[in-house]
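Taking it in order: structure first as structure tokens, then the write-up.
Number of protein chains: 2
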Amino acid sequence: MRQLKLNKAFTLIEPGPVVLVTTHDGRKNNIMTISWTMVLDFTPVFAITTGEWNYSFAALRKKRECVIAIPTVDMLNQVVGIGTCSGADTDKFAKFKLTPMHGKLVKAPLIKECLANIECKVIDIVRKHDIVVLEGLAAHMDSERRETRTVHAVGDGTFIVDGRKLDRRKMMASKIPDDL
Amino acid sequence: MRQLKLNKAFTLIEPGPVVLVTTHDGRKNNIMTISWTMVLDFTPVFAITTGEWNYSFAALRKKRECVIAIPTVDMLNQVVGIGTCSGADTDKFAKFKLTPMHGKLVKAPLIKECLANIECKVIDIVRKHDIVVLEGLAAHMDSERRETRTVHAVGDGTFIVDGRKLDRRKMMASKIPDDL
Chain A
0 MRQLKLNKAF
10 TLIEPGPVVL
20 VTTHDGRKNN
30 IMTISWTMVL
40 DFTPVFAITT
50 GEWNYSFAAL
60 RKKRECVIAI
70 PTVDMLNQVV
80 GIGTCSGADT
90 DKFAKFKLTP
100 MHGKLVKAPL
110 IKECLANIEC
120 KVIDIVRKHD
130 IVVLEGLAAH
140 MDSERRETRT
150 VHAVGDGTFI
160 VDGRKLDRRK
170 MMASKIPDDL
Chain B
0 MRQLKLNKAF
10 TLIEPGPVVL
20 VTTHDGRKNN
30 IMTISWTMVL
40 DFTPVFAITT
50 GEWNYSFAAL
60 RKKRECVIAI
70 PTVDMLNQVV
80 GIGTCSGADT
90 DKFAKFKLTP
100 MHGKLVKAPL
110 IKECLANIEC
120 KVIDIVRKHD
130 IVVLEGLAAH
140 MDSERRETRT
150 VHAVGDGTFI
160 VDGRKLDRRK
170 MMASKIPDDL
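Just so you know, the sequences run in chain order A and B.
Using numbering that gives the first Met the number 0, you'd call the opening residue of the first sequence number 0 and step up by one each time.
Using numbering that gives the first Met the number 0, you'd call the opening residue of the second sequence number 0 and step up by one each time.
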């Protein structure tokens, strides 16, 4: 994985792919599947919706850090599997044959098999709405991967795979950060 | 537009398409393009990131209602155009040849040309993070439209069009609301 400029990290989340969020609670690694995410700022700052109903939430609240990993379509069965079992009784890295890697700044692991990983710290938890606010600290990208298509959860058990890419950079020049 | 069961409305937002958000400030209609959205609850409750920098924000704060409209790929130039001019000096419905329609419960207009429209009320504004929390009140779907592919903003001026759909309903049965 190569380092990705941090100011580009929001472009991994903005299209709305389903993501994997890893935590380390001081004793063991865990992974959750999250589809409810949002960019809050280019710097980058992200929001995810989660709460007590996710086993990972305790580690997030205690350690105040995580990694957002971006899986691709060839990993969909792992993504769904991770989302339908609990870290309370499952070592998800072992069960789903994923490889934890050390990050630079947080103890939560990167996922080697993913397209990209963003190391994050928790900067706020808005309990009223179950929103966890994350600041990206470092980003990594596997630039040698052939499969780069992400998947978007519909919420009814179906998923939409990335299709064609359309370019409107000229039309949008006034709205794109200069250094992107 | 036919009514869409409200419990399905979150499935329009969860995949992360770029959306149009309409407001009515008591005098005139307006539209903004929003890519930073998130589902907060199935009921449905949504979050969008916006603030003073958007002209529409004043109407949202004052009237506490809006419509989230879902455009499709054939509307991309309109979507980008709407996102790169301001309602302060532009009638966006006229400029982009869109048709405002009366909703059932809010004064913000539906957009006739869109695939779907969700009438919403503002239930909270988290100023610290520029998050507006919306509750969906009614949803409408154009079920006769041939083009149903939405687009996902990357954030750098490019957009990803919906591709293939994959079905994992059986694997996810335990996680899908019963009445969906």
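Even for Gly, the Cβ is constructed at its ideal location relative to N, Cα and C.
Under the three-state DSSP convention, the category residue i falls into
i: B/F56; result: helix
i: B/L104; result: coil
i: A/R126; result: helix
i: A/F95; result: coil
i: A/A186; result: In the structure as shown, chain A starts at 0 and stops at 179, and residue 186 of chain A therefore has no counterpart that could be examined.
i: A/V72; result: helix
i: B/L5; result: helix
i: A/K120; result: strand
i: A/K61; result: helix
Residue-chain proximity (residue i, chain E), Cβ-Cβ < 8 Å
i: B/S85; result: Note that chain E does not occur in the displayed structure, where the protein chains are A and B.
Sequence-distant residues of the same chain with beta carbon closer than 7 Å to residue i, five excluded per side
i: B/A8; result: P43, I117, G135, A138
i: B/R63; result: K120, V121
i: A/L179; result: N6, K7
i: B/G50; result: F56, D129
i: A/V153; result: I159
i: A/L3; result: A115, A138, H139, M140
Residue burial classification, residue i (beta-carbon count within 10 angstroms, cutoff 16)
i: B/L104; result: exposed
i: B/W35; result: buried
i: B/Q77; result: buried
i: A/A115; result: buried
i: B/A201; result: In the structure displayed, chain B extends from 0 to 179; residue 201 of chain B sits before or after that span and is not available.
i: B/E146; result: exposed
i: B/A172; result: exposed
i: A/R163; result: exposed
i: A/P70; result: buried
i: A/I33; result: buried
i: A/R167; result: buried
Boundaries (first-last residue) of the alpha helix (DSSP H) holding residue i
i: A/L179; result: Unbroken run through A/L179: none, as it is neither H nor E.
i: A/G80; result: 75 to 82
Other residues of its chain near residue i: CB distance less than 6 Å, five sequence neighbours each side excluded
i: B/K27; result: none
i: B/I159; result: H151
i: A/A58; result: T22, D24
i: B/D161; result: R148, T149
i: A/K87; result: Looking at the sequence itself, residue 87 of chain A is Ala, so the reference to Lys does not match. Around A/A87: Y54.
i: B/G15; result: H151
i: A/I124; result: V131
i: B/I30; result: L19, T21, I81, K91
i: A/L11; result: I69, A115
i: B/F41; result: F9, P176
Neighbouring residues, chain A, relative to residue i (Cβ below 7 Å)
i: B/I175; result: D155, G156
i: B/P14; result: G15, H151, A152, V153, I159
i: B/M37; result: W35, T36, M37, A46, T48
i: B/L179; result: D155
Partners in chain B for residue i, counting only beta-carbon separations shorter than 8 Å
i: A/R163; result: I159, V160, G162
i: A/F9; result: G154
Cross-chain neighbours of residue i in chain A, by beta carbon under 8 Å
i: B/R168; result: D155, G156, T157
i: B/M171; result: V79, G82, T83, G156
Under 7 Å by beta carbon: chain B residues contacting residue i
i: A/G82; result: K174
Own chain partners of residue i with C-beta closer than 8 Å, once the 5 adjacent residues on each side are dropped
i: A/T98; result: F92, I110, K111, E112
i: B/P108; result: T21, H23, N28, V66, F92, P99, M100, H101, G102
i: A/E143; result: none
i: B/C84; result: K91, K94
i: A/D73; result: E146
i: B/R1; result: H139, M140, D141, S142
Run of the beta strand (DSSP E) containing residue i, from where it starts to where it stops
i: A/L11; result: First-last for A/L11: 9 to 12, but that is the alpha helix (DSSP H), not the beta strand (DSSP E).
i: A/V20; result: 18 to 23
i: B/E64; result: 64 to 69
i: B/G15; result: Per DSSP, B/G15 belongs to no beta strand (DSSP E) and is neither H nor E.
i: B/K169; result: Looking at the DSSP string, B/K169 is not in any beta strand (DSSP E), and its letter there is neither H nor E.
i: A/R36; result: Note that residue 36 of chain A is Thr in the sequence shown, not Arg. Note, A/T36: beta strand (DSSP E), 36 to 40.
i: B/M31; result: 28 to 33
i: A/T48; result: 44 to 48
i: A/V153; result: No beta strand (DSSP E) holds A/V153; DSSP gives it neither H nor E.
Within chain A, partners of residue i - CB distance below 9 Å
i: B/V125; result: V125, K127, H128, I130
i: B/L75; result: L165, R167
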